[in-house]
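Protein chains in written order, with the UniProt record's numbering: chain A, 1 to 373; chain B, 1 to 373. Single-structure report; data block below.
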């Protein structure tokens with residue numbers, strides 16, 4: 001089997017799962033945080049640094065790569081792994097989210113979405129078939145169905161239509177998908193409407209995808225609303241398939257997502273935050289530019305084993321930011337990514353050892369102190 | 001001896017030297033290219049990457065560090081080595097060049113230079129004594145006398161006055177310099193006037209500095225003019241002391257500088273060029289953004305052993321630049337630095353093995369082909 005998902009342990013109290021996802025480029029231990037390499041590079045990081053922080057898989061964006069450098073060039077390179085020199089698994093999104101959020105004027109038709117490039121205004125027409133073909137060209141290990149995202153707040157009728165279209169498009173993606181060394185996941189939409197979410201999940205399950213993504217969350221709703229949808233889907237989604245909560249990267253949401261049966265997460269948060277000096281740490285979130293760190297010779301996070309925390313002081317990293325030096329963005333991105341990867345590794349170990357509820361309590365207690373390190 | 005310079009071999013044909021400069025933070029093998037870490041970081045690089053490319057020493061700028069974060073903070077950190085986590089030798093300039101080139105309005109007085117910060121316009125007064133004290137606070141292994149630079153073209157009277165002031169200031173720097181774990185170099189000025197250059201060198205030699213810098217070159221003069229000044233100084237400067245040609249980093253100038261008895265070079269060129277995609281290679285200089293590299297799957301430089309050349313294609317690095325991705329600037333800075341360091345390492349080996357003239361010919365032949373790799 002090129003793809004297989006094995007659940008290794010389930011927390012009896014919460015339903016949190018530890019598992020292994022077998023892919024052509026290696027086995028991914030879940031729960032897992034997947035760093036985002038939008039344009040075939042995880043911002044500020046090199047591939048070998050990604051290996052050093054034990055990133056198991058990176059995500060890349062079909063929309064961006066389709067526009068530049070184009071899938072043809074990446075095919076000539078021998079696929080995205082070789083192009084970007086990353087030899088562990090890659091997940092690609094379908095471009096659905098970006099077509100709606102990034103592009104200029106877009107027109108949704110039954111066949112697909114007409115949109116103009118955010119780079120040069122050129123007109124393009126993205127369809128479920130094209131999104132699938134592009135992802136096959138990229139050669140990612142895990143691909144996504146082309147889906148229709150809606151903005152929140154959103155009325156039920158709009159959400160219903162987007163779910164129905166997402167389902168029709170999912171069928172078309174599955175229909176044309178050929179590569180057996182690539183797993184195609186279905187995406188559950190339905191905004192914040194419980195019945196729509198359930199219906200969407202059940203229809204996708206009937207199509208029998210090798211994994212299920214939960215889309216359209218972390219787009220402005222409250223944490224409680226997000227958790228309600230996850231609680232709703234947890235018992236519906238098949239236990240034996242991986243579940244991927246798209247675009248979620250805040251530490252609290254990761255731990256609570258795991259507690260609701262989620263296996264995979266991705267987000268630009270750690271690298272975007274890193275570039276502006278915002279740090280995610282075991283003691284909460286803070287910005288390195290704050291004057292209270294001027295003479296702070298301690299590490300970003302005393303519990304972290306990353307290069308930034310092992311070798312540099314907060315005072316020095318603050319100086320790098322104030323001076324606009326690239327090493328500042330590098331060290332903070334590095335730490336943030338390592339922190340989220342370690343957090344999920346810790347959750348996994350706790351699940352395997354039957355102490356996830358304690359791990360979760362301890363995380364919240366420490367993270368919410370937000371005390372100055 | 002905390003400082004010692006040993007000439008290990010001299011090319012009988014050109015006078016090119018291979019030597020060892022002993023410093024409190026290690027032995028530097030010369031000739032050497034010194035990467036510039038203006039604000040306590042070599043742009044786009046981490047300290048461990050600098051070790052990997054075998055940087056033996058880095059340069060940092062007194063003017064910048066004096067303004068931000070301030071020498072007091074760096075002293076609290078335990079000195080510049082600890083602040084920036086670089087444990088090999090550091091050379092600091094005196095701030096003379098920046099006071100004239102970067103600051104806003106400046107007024108030269110006999111006592112020093114009144115200038116306004118390029119950061120916030122605040123007024124400062126830099127003197128030979130302060131420049132020395134600041135460098136002692138930074139704790140660099142090699143410090144520079146505070147000198148007066150003139151812009152080219154420059155009339156002889158202006159140049160003469162600047163030489164006389166530079167000599168008076170050098171005496172004052174030497175007078176107040178206390179740290180015996182820091183070598184203070186004198187700087188030869190004199191624009192393009194042969195007699196002024198000679199006089200300046202002889203006066204400095206009489207003051208008996210542990211090393212001599214050649215300043216005020218690579219500021220717009222022709223290569224021939226630069227080489228004429230070097231040819232002039234080569235027999236005057238004491239053989240047993242190291243010679244440092246300031247601000248020179250173009251490969252041709254490095255090799256020709258070595259051929260004229262220079263031991264040390266520094267320049268922002270490799271990192272500044274790297275950030276805009278300009279590459280220095282064994283086959284000449286080119287910009288990675290050029291369309292001819294669109295489908296070029298080869299390395300930047302087939303003769304280079306750096307991470308960028310070992311692991312990434314020109315097509316991919318071009319994509320990174322076009323997408324504005326930080327990894328592009330990192331890989332090109334990385335390569336450019338490694339190239340200059342390797343070039344000087346190659347020159348050293350050639351001198352030690354008695355084949356420097358052939359090395360020099362071969363370098364020019366290959367570098368001037370400028371052929372597309």
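Where a beta carbon is used, it is the ideal one built from N, C-alpha and C, also for glycine. Just so we're clear, the structure is a prediction, and the values are computed from it rather than from any experiment.
CB of residue 323 of chain B within 9 Å of CB of residue 39 of chain A, strictly: Translated into the one-based positions of the second chain, residue 323 of chain B becomes position 323. Translated into the one-based positions of the first chain, residue 39 of chain A becomes position 39. A distance below 9 Å separates the beta carbons of residue 323 of chain B and residue 39 of chain A.
Please work out which residues of its chain come closer than 6 Å, Cβ to Cβ, to residue 344 of chain A, disregarding the five sequence neighbours upstream and downstream, and give them in chain order. Reading the first chain from its first residue, position 344 is the one you call residue 344 of chain A. Correct list, in chain order: 31, 32 and 33.
So, does the CB of residue 14 of chain B fall closer than 9 Å to a CB anywhere in chain A? For the purposes of this step, residue 14 of chain B is taken as the residue at position 14 of the second chain. Output row for residue 14 of chain B: interface = no.
The segment 214–221 of chain B contacting the segment 181–196 of chain B, beta-carbon criterion three pairs below 8 Å: The segment 214–221 of chain B, when compared against the segment 181–196 of chain B, does touch it at the 8 Å Cβ threshold.
Which residues does DSSP list as the beta-bridge partners of residue 116 of chain B? By one-based count along the second chain, residue 116 of chain B stands at place 116. DSSP lists B:123 as the bridge partner or partners of residue 116 of chain B.
Could you please give the first and the last residue of the uninterrupted beta strand (DSSP E) stretch that includes residue 266 of chain A? Translated into positions along the first chain, residue 266 of chain A becomes position 266. For residue 266 of chain A, the uninterrupted beta strand (DSSP E) segment begins and ends at 264–267.
For the segment 80–111 of chain B, list every residue whose C-beta sits within 8 Å of some C-beta in chain A, in sequence order. Answer set for the segment 80–111 of chain B: 83, 84 and 85.
Determine, for residue 41 of chain A, whether the minimum Cβ-Cβ distance to residues of chain B falls below 9 Å. The residue you call residue 41 of chain A lines up with position 41 of the first chain. Flagged as an interface residue toward chain B: residue 41 of chain A, by a C-beta distance shorter than 9 Å.
Three-state secondary structure assigned by DSSP to residue 150 of chain B: For the purposes of this step, residue 150 of chain B is taken as the residue at position 150 of the second chain. Look at residue 150 of chain B here: in three-state DSSP terms it is coil, with no helix or strand label.
Say whether chain B places a C-beta atom closer than 9 Å to the C-beta of residue 162 of chain A. In the first chain, counting from the first residue as 1, residue 162 of chain A sits at position 162. Chain B contact via Cβ: absent.
Say whether the segment 148–164 of chain B touches the segment 254–273 of chain B, bearing in mind that this needs 3 or more beta-carbon pairs closer than 8 Å, one atom from each stretch. The segment 148–164 of chain B, when compared against the segment 254–273 of chain B, does not touch it at the 8 Å Cβ threshold.
Going by DSSP in three states, residue 201 of chain B sits in which element: helix, strand or coil? Here the question's residue 201 of chain B lines up with position 201 in the second chain. Three-state result, residue 201 of chain B: helix.
How many Å lie between residue 330 of chain B and residue 173 of chain B at the Cα? As a position in the second chain, residue 330 of chain B is number 330, starting the count at 1. As a position in the second chain, residue 173 of chain B is number 173, starting the count at 1. For residue 330 of chain B and residue 173 of chain B, the distance between alpha carbons rounds to 38 Å.
If you draw a straight line from the alpha carbon of residue 126 of chain B to that of residue 132 of chain B, how long is it in whole angstroms? Here residue 126 of chain B corresponds to residue number 126 of the second chain, with the count starting at 1. Here residue 132 of chain B corresponds to residue number 132 of the second chain, with the count starting at 1. So the two alpha carbons sit approximately 10 Å from each other.
May I ask you to report which of helix, strand or coil DSSP gives residue 132 of chain B? As a working note, residue 132 of chain B is residue 132 in the second chain. Taken through DSSP and simplified to helix, strand or coil, residue 132 of chain B comes out as helix.
Can you give me the Cβ contacts of residue 79 of chain B inside the same chain, cut-off strictly under 6 Å, excluding the 5 residues immediately before and after it? As a first step, residue 79 of chain B is located in the second chain; it is residue number 79 there, counting from the start. Setting aside the 5 residues that flank it on each side, residue 79 of chain B is surrounded in the same chain by 139, each with a C-beta closer than 6 Å to its C-beta; the list follows chain order.
The beta strand (DSSP E) enclosing residue 40 of chain B, as first and last residue numbers: Counting from one through the second chain, the residue named residue 40 of chain B turns up at place 40. No beta strand (DSSP E) holds residue 40 of chain B; DSSP gives it neither H nor E.
For residue 76 of chain A and chain B, any beta-carbon pair shorter than 9 Å? Translated into the one-based positions of the first chain, residue 76 of chain A becomes position 76. At least one chain B Cβ lies under 9 Å of residue 76 of chain A.
From residue 100 of chain A to residue 254 of chain A, what distance separates their C-alpha atoms? Taking the first chain and counting its residues from 1, the one referred to as residue 100 of chain A is at position 100. Taking the first chain and counting its residues from 1, the one referred to as residue 254 of chain A is at position 254. Approximately 25 Å, taken between the alpha carbons.
Rounded separation between residue 261 of chain A and residue 234 of chain A - CA only: Locating residue 261 of chain A in the first chain gives position 261, where the first residue counts as 1. Locating residue 234 of chain A in the first chain gives position 234, where the first residue counts as 1. Distance between the alpha carbons of residue 261 of chain A and residue 234 of chain A is about 6 Å.
Using C-beta distances below 7 Å, list every residue in its chain close to residue 73 of chain B, excluding the 5 sequence neighbours before and after it, in chain order. As a position in the second chain, residue 73 of chain B is number 73, starting the count at 1. Taken in chain order, the list of residues that qualify is empty.
Comparing alpha-carbon positions, which option in A:106, A:334 and A:129 lies nearest residue 121 of chain A? The count along the first chain starts at 1 and reaches residue 121 of chain A at position 121. In terms of CA proximity to residue 121 of chain A, A:106 leads the group A:106, A:334 and A:129.
Candidates B:116, B:158 and B:334: closest to residue 280 of chain B by CA position: Along the second chain, one-based indexing puts residue 280 of chain B at 280. Its Cα nearest to that of residue 280 of chain B, the residue B:334 stands out among B:116, B:158 and B:334.
Closest to residue 259 of chain B by CA distance: which of B:320, B:240 and B:363 is it? Within the second chain, numbered from 1, the residue matching residue 259 of chain B stands at position 259. When each option's Cα is compared against that of residue 259 of chain B, the closest is B:363.
Helix or strand or just coil, what does DSSP make of residue 207 of chain A? Taking the first residue of the first chain as position 1, residue 207 of chain A is located at position 207. Helix.
List the residues of chain B whose Cβ lies closer than 9 Å to the Cβ of residue 295 of chain A, in chain order. Position 295 of the first chain, counting from 1, holds the residue named residue 295 of chain A. Those are 73, 76 and 77, listed as they occur along chain B.
Please classify residue 57 of chain B: does DSSP put it in a helix, a strand, or coil? Reading the second chain from its first residue, position 57 is the one you call residue 57 of chain B. Coil, per DSSP.
Presumed contact (8 Å Cβ cut-off) between residue 145 of chain B and residue 191 of chain B, rounded CB distance: For the purposes of this step, residue 145 of chain B is taken as the residue at position 145 of the second chain. For the purposes of this step, residue 191 of chain B is taken as the residue at position 191 of the second chain. About 17 Å separates the two Cβ atoms, so there is no contact after all.
Using the rule of at least 16 other Cβ atoms within 10 Å of the residue's Cβ for burial, across every protein chain shown, is residue 147 of chain A buried or exposed? Along the first chain, read from residue 1 onward, the residue named residue 147 of chain A stands at position 147. By the neighbour-count rule (16 or more Cβ atoms within 10 Å), residue 147 of chain A is buried.
Within the 9 Å Cβ cut-off, does residue 373 of chain A reach chain B? Here residue 373 of chain A is taken as the residue at index 373 of the first chain, counted from 1. Unreliable placement is indicated for residue 373 of chain A, whose pLDDT of 44 sits below 50; the coordinate value is still reported in the next sentence. Not an interface residue.
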